[in-house]
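Colleague: What follows is a single structure, and I will ask about it in a moment.
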Amino acid sequence: MELNSGSTSYQAGDIVYVFYRNPHVQNVANIQEAAVVNNPENPGELALFLYETYYPLTNEVAVYASAEEAEQAYEQYID
């Protein structure tokens, strides 16, 4: 299964980068590496696996193919 986000296609096994907010300190966000996996809770869908948790991979999630791309977006939106 693939998910197209803009011009990027993701497949199970891809490594991507996302912004992750610290659940204990809401004003802290970091760039984290996540794996694209087949969603075990919804067969036929993709998910992000991050910190031992599955997150739905939808077009509403900002996903970056490289750490550099994520850092540029982070600087633009967070700083």
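The working numbering numbers the first residue of the sequence shown as 4 and each following residue consecutively. Note that beta-carbon positions come from the ideal geometry of N, C-alpha and C, so glycine has one too.
1. Roughly how many angstroms lie between the CA atoms of Ala76 and Val28, to the nearest whole one?
2. For Leu60, which of Val40, Arg24 and Tyr54 has the nearest alpha-carbon?
3. If you follow the alpha helix (DSSP H) that Glu85 is in, where does it begin and where does it stop?
4. Using only CA atoms, which one of Tyr23, Ala70, Ser12 and Ala68 lies nearest to Thr56?
5. In the DSSP assignment, what residue or residues form a beta bridge with Gln29?
6. Quick one: what's Leu53 bridged to in DSSP?
7. Pick from Glu63, Pro26, Ala68 and Ala32: whose alpha carbon is nearest that of Ala38?
Modeller: In short:
1. 21 Å
2. Val40
3. Because the chain here runs from 4 to 82, residue 85 falls outside it and cannot be looked at.
4. Tyr23
5. Gln29 pairs with nothing; no bridge assigned.
6. Thr56
7. Ala68
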